[in-house]
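These notes are about the structure you will find just below.
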Amino acid sequence: MIVGRTPRHLAVAALVLLMLLGDGGGKGAAAAAPKQRALDEWRSLTGPGAPAPRVFVKGDRVRFYFQIGSHIEEFTANWDRHRLPSDGYRVNSAVLRLKQRMAHMPDGERGWREATVIYGAEWARLTTNLVEALAPATAGQGIYCQGFLADRLLYRDAQGTPRFASLDEAPPGVVVARQLSFEETLSTVARMVEQDLARNHPGETLFLLLAPNPRRFPQPLLLDRQQRQCIWLIPASLYDRTERGLGLSTTAQGFRALLLESHGLALLKNPISSVARLADLGVQSVVRFVRVPFPKPGTRYPELSSGPGMDLRAWEEWLDRYTGTRQEEGSLDLLIDGVQFFPRLKQAIADATNHIHFNIYVFDKDDVGISVADQLKQRASEIEVKVIFDRLGAIGGGGAPPSTPLPADFSSPSSIYSYLRQDSRVRVRPFLNPWFSANHAKVLLVDGTHAWLGGMNLGREYRYEWHDLMVELQGPVVSTLEEEFRRSWAHEGLLGDFAYVVALARGPRPDAPPSPPGDWIKLRLLPTRTAWKPFSAAVQKAIGASRSYVYLENPYLFDKRVIVSLARARNRGVDVRVVLPRVNDLKIGDRSNLVLANYLLEHGVRVYFYPGMTHVKALLVDGWAAVGSANLNHLSLRVCQEQNVATSDPAFAARLKRELFEEDFSRAYELTEPLSIEWMDFLADLLLEGL
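Each number in my numbering comes from the position in the sequence shown (counting from 1) with 16 added on.
Set out below in structure tokens:
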């Protein structure tokens, strides 16, 4: 499995992280020096003139042996095996750590295979050929390899020569012809170098690619032609789990957030809303344990319907009548992946003239999060900047490494809360999570005229590693989101419930900027709130009313009511397609998805596994589109605070279908045969049913 983060959407998982990982408070200037020394040592082991290591592989384990003078240094790594079938190479990454120093090489062990190390001149030749093959054939076109090249684009100039440039500095006229996920990139690299290695090393099947310049590319690449797998090995010096791991201060900080803040301070300043959330949690817990009958799979499925989809006008009237929401005016622009969203957000921050308001689940302490924080701190000297973040989400988000290594010279602060406030006029308030009711929404507002919502938090995996989606909103609907932020800001302050009631009584801000006339569409906000669950009601009803097609992409599809609704829709002749992550950041989620995929496949649902981690939360039913922050699990549908937006606008629905779903269907692996299931998979599925 790709080394990934602990899932942010699960409040219970965040609680476990509090106990195990804390807030990473021990990482700072003191940790930077040992990290830099370790990195320098790794570079000296693999740099120009250094002898190649001996490398051995057995199953899902690898051992490196470096000869250092009169002694040997052993490095080890291990990874989890993929159980999903693949059209190409299976991709993993693993952290490579120093295990021990010894006087001599150990005797050969049974079953270990020795790898051929490709380095020096041969590595240079191989990578030159690889760049030539990987670059698009047409001048002026580029390929963006998500996560693998950070923010760099590989393109051909006017003379046809391959070049690298950051996306922001690409020459005018260069267009991105193709974008690859991290897993697709490594699989493509493995496939391209395979023929070269087979030709130059006949009969050999195991290789280690080791760059001669570890300053530019310090991660070795293990290629196993026999097992059809490619492993990206990240030296621990680039991102050491222990630097954000156990420690008395970090664990104490976690306990303080859980006990004193979430169930101490929150109860004191928000007694009414805390009691309301406890009561709501009790009701929803009962709902969770009410079992729904699973329809039995048939041996034959109905033909797909060729008739019209559901009546969208009648559907919008049902939503008006039964969800307590209303249609509003605004515009929607689709931003797929961090490559589209983050540059747009940073430009909006730079252009802001009045205020910036962020309501975010995870504001991470990695290089991407700190880059946004630095920009907010700079703008706070000129305009109002307010940030609300989820307390448990921030702690959990800072507790585990991303899939790709951080910059070698980067050192994370101990706390994003302290960092934002230090030498700054940024105002920050945490959501304190009474009864684990996380604020899982991601709503970013600028000047009362622009808003962004969706699945992306502020962190490295959303910028470079994961497949995700945000939408940009303009128009009158932004005023509604601004008013929600104003009330939330009051609620998270010291006066808590009292300030919230005052803000509610005052009504909308009289000085809210008017929305300029525009070509607006009708759209609808569908949140999840305490004792108000319009998003859950809309999802269930939409799938149940579908007549033509249901397209769904979500990383945490654990709610049995939704799953059964999908099966029943297919049994009515509806074209039902579901996209799941091939690599889930939640290991137990990988197991649960195997059970889910088999169940859906038995009912004729088409199941796709996206190449890598997809964090997209999107639903398209007969031309009605819904996107946002909510997962399709118990917490997002019934417990946490969420924000989503939906519309029946045909242009937006067509764009979502074309640019997200059809694109992902073409890139993903479609399951055609049932998967092998273990008892641990069923246990994982049972456990996640309640999350």
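We treat Cβ as the ideally placed atom computed from N, Cα and C, and that holds for glycine.
Could you tell me the boundaries of the beta strand (DSSP E) in which residue i lies?
i, result
"D240", "237-240"
"Q245", "245-251"
"G158", "157-161"
"L183", "Looking at the DSSP string, L183 is not in any beta strand (DSSP E), and its letter there is neither H nor E."
"E488", "485-490"
"T132", "132-134"
With H, G and I counted as helix, E and B as strand and the rest as coil, what does DSSP make of residue i?
i, result
"W139", "helix"
"H98", "coil"
"K557", "helix"
"G471", "coil"
"T663", "strand"
"G263", "For G263, the predicted model reports a pLDDT of 46, less than 50, meaning its position is unreliable; a value from the coordinates is still stated below. Looking at G263 - three-state DSSP - the assignment turns out to be coil, as it is neither helix nor strand."
"Q175", "coil"
"N216", "helix"
"M208", "helix"
"R126", "coil"
"L702", "helix"
"T201", "helix"
"H120", "coil"
"H87", "strand"
"G41", "With a pLDDT of 35 at G41, under the threshold of 50, the modelled position of that residue is not reliable, and no figure is offered here."
"F223", "strand"
"D103", "coil"
"K381", "coil"
"I372", "strand"
"V308", "coil"
"F426", "coil"
"D9", "No answer is possible for residue 9: the residues shown for the chain start at 17 and end at 707."
"A295", "helix"
"E689", "coil"
"E344", "strand"
"H456", "coil"
"T62", "helix"
"L170", "strand"
"V32", "Low confidence applies here, because V32 scores a pLDDT of 36, under 50, leaving its location unreliable; read the following figure in that light. Correct three-state label for V32: helix."
"T420", "coil"
"Y81", "strand"
"I386", "helix"
"T92", "strand"
"E277", "helix"
"A110", "strand"
"E148", "helix"
"I399", "coil"
So, for residue i: in the same chain, excluding its five sequence neighbours on each side, which residues have a beta-carbon less than 6 Å away from its beta-carbon?
i, result
"L648", "N570, L573, D575, V578"
"D697", "R607, L610, V611"
"G127", "K74"
"A46", "Note that A46 has pLDDT 38, beneath the 50 cutoff, so the model's placement of it is unreliable and the number below is only indicative. For A46, where only same-chain residues beyond five positions count, there are no Cβ hits under 6 Å."
"V462", "A364, A368, I372"
Residue i lies in the alpha helix (DSSP H); which residues open and close that run?
i, result
"P432", "Checking the displayed sequence, the identity of residue 432 turns out to be Ile instead of Pro. Taken as a continuous stretch (DSSP letters only), the alpha helix (DSSP H) holding I432 covers 432-437."
"F358", "354-367"
"R445", "Per DSSP, R445 belongs to no alpha helix (DSSP H); it is in the beta strand (DSSP E), 443-447."
"L461", "Note, L461: premise wrong, no alpha helix (DSSP H); beta strand (DSSP E) at 459-462."
"A410", "407-413"
"V191", "No alpha helix (DSSP H) holds V191; the beta strand (DSSP E) holding it covers 191-196."
"R70", "Segment 70-74 is the beta strand (DSSP E) holding R70; no alpha helix (DSSP H) there."
"A330", "328-338"
"R502", "493-507"
"A521", "512-522"
"A282", "282-285"
Got a sec? Which residues, its chain only, sit under 7 Å from residue i by beta carbon, not counting five neighbours each side?
i, result
"G189", "G156"
"G104", "S203, R207"
"L617", "V623, L687, P690"
Looking only at its own chain, which residues have a Cβ that is under 8 Å from the Cβ of residue i, when we skip the five neighbours before and after it?
i, result
"Y624", "R593, V594, V595, L596, D680, F681, A684, Y685, E686, L687"
"W536", "E345, G346, S347, G491, P492"
"S86", "A119"
"L320", "G589, V590, D591"
"T154", "R172, A193"
Could you check if residue i belongs to the surroundings of the ligand ZN, using beta carbon to heavy atom distance under 7 Å?
i, result
"T369", "Looking at this structure, you won't find the ligand ZN or any other ligand, since it has none at all."
*Given 8 Å, three or more beta-carbon pairs between the region 216-227 and the region 657-665*: The way I'd put it, the region 216-227 doesn't touch the region 657-665; fewer than three beta-carbon pairs between them come closer than 8 Å.
_Length at least 4, wholly inside the region 617-678: the alpha helix (DSSP H) runs in chain order_ = Whole alpha helix (DSSP H) segments, 4+ residues: 666-672.
*Which whole runs of the alpha helix (DSSP H) in the region 537-609 are 4 residues long or more, in chain order?*
Qualifying alpha helix (DSSP H) stretches, in chain order: 550-561, 576-587.
*asked:* Pairs of beta-carbons, one from the region 515-524 and one from the region 372-385, closer than 8 Å: are there three or more?
replied: Segments in contact, no.
_Within 8 Å, do at least three Cβ pairs link the region 111-123 to the region 77-97?_
Enough Cβ pairs lie closer than 8 Å, so yes.
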